[in-house]
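Protein chains in written order, with the working numbering: chain A, 277 to 384; chain B, 1200 to 1313.
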C-alpha cells in the first residue's frame, strides 16, 4: 500500500463548480504539502500544512492529523485551474513522500 | 531572478551512454534535490544535498551520481544509462533541508533511453 493515496485520480468539472481533492496517508507525519503541476510540466508549491486550514485566493487546504487526511478545495473553478494536484507528506525520515497526483480538467 | 533552471530540457540517449543533467538556483538556497517522475507514480527522491559540500542518497539512488559543485549548482550524472531511467527529472531547492520549507522546482528534463 502506498504511503500517500490521492482521490480521485482524474476529475472533470464544469467552470464554476466547487472541487475537492483528497489525500490520505498511512504514516505519522509532521507536515503535508500540496503542489500544482501545470500542463507544461512545471511544479509549484501551493500550501504547507501541519494543522487546521489555509486559504489562498480560491484555494483552501485542510488537514486532519488524527484521521490522516487532507483535502484541497477549489471554489469557483476556472479552466486555468486545470492541472495535476499533488499531495506530499513529510515522513519520519524528514523527506517528502509524494502521492500519484489528481489530474483536474475544468471545462468552460 | 530565474529561480531554478535545468538543462537540457529534452535528451535522448542510447543504452550505455552517459550524461549529466545540470541544475542551478539563484535564490541562495542551502538545500537542493533531484527527483524523478514516472507515469502513474509520484515524484521520487534520487539524491539531495543539505548544504554545499554534502550529498546524500534518497529513495532511488541506484544508477546515479551527484555533485554539489557550489551553492548554486547541483548536477545529476547517469554513468551508463538504462531504459529504466527513462523519466522526467526535476531539480528543486529550498532554504533549509527540513521539508516544512517550500521547495522550488525547475522546469524538468525529459529523458528517453533507447
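By construction, the Cβ of each residue, glycine as well, lies at the ideal position given by its N, Cα and C atoms.
Give me the Cα-Cα distance between residue i and residue j, rounded to the nearest whole angstrom.
i, j, result
"residue 1290 of chain B", "residue 1233 of chain B", "5 Å"
"residue 1309 of chain B", "residue 1248 of chain B", "22 Å"
"residue 320 of chain A", "residue 1214 of chain B", "32 Å"
"residue 380 of chain A", "residue 317 of chain A", "14 Å"
"residue 1240 of chain B", "residue 1269 of chain B", "31 Å"
"residue 1278 of chain B", "residue 1253 of chain B", "20 Å"
"residue 345 of chain A", "residue 356 of chain A", "26 Å"
Using only CA atoms, which one of the options lies nearest to residue i?
i, options, result
"residue 352 of chain A", "A:301, A:382 and A:287", "A:382"
"residue 1265 of chain B", "B:1271, B:1275 and B:1256", "B:1275"
"residue 1223 of chain B", "B:1206, B:1211, B:1212 and B:1238", "B:1206"
"residue 372 of chain A", "A:362, A:380, A:329 and A:335", "A:362"
"residue 1208 of chain B", "B:1221, B:1201 and B:1216", "B:1221"
"residue 349 of chain A", "A:315, A:301 and A:329", "A:329"
For residue i, does the count of other Cβ atoms within 10 angstroms reach 16, so buried, or fall short, so exposed?
i, result
"residue 354 of chain A", "exposed"
"residue 360 of chain A", "buried"
"residue 1300 of chain B", "buried"
"residue 1226 of chain B", "exposed"
"residue 303 of chain A", "exposed"
"residue 1284 of chain B", "buried"
Identify, in the order they occur along the chain, each residue of the same chain with its Cβ nearer than 6 Å to the Cβ of residue i, setting aside the five sequence neighbours on each side.
i, result
"residue 1302 of chain B", "1291 and 1293"
Which residues in the same chain have their Cβ closer than 8 Å to the Cβ of residue i, if we skip the five residues on either side of it in sequence?
i, result
"residue 332 of chain A", "322 and 323"
Positions along the segment 1284-1308 of chain B whose CB lies within less than 9 Å of some CB in chain A: 1287, 1289, 1291, 1296, 1297, 1298, 1299, 1300, 1301, 1302, 1303, 1304, 1305, 1306 and 1307
May I ask you to list, following chain order, the residues of the segment 1242-1254 of chain B that have a beta carbon less than 9 Å from some beta carbon of chain A? 1242, 1243, 1244 and 1247
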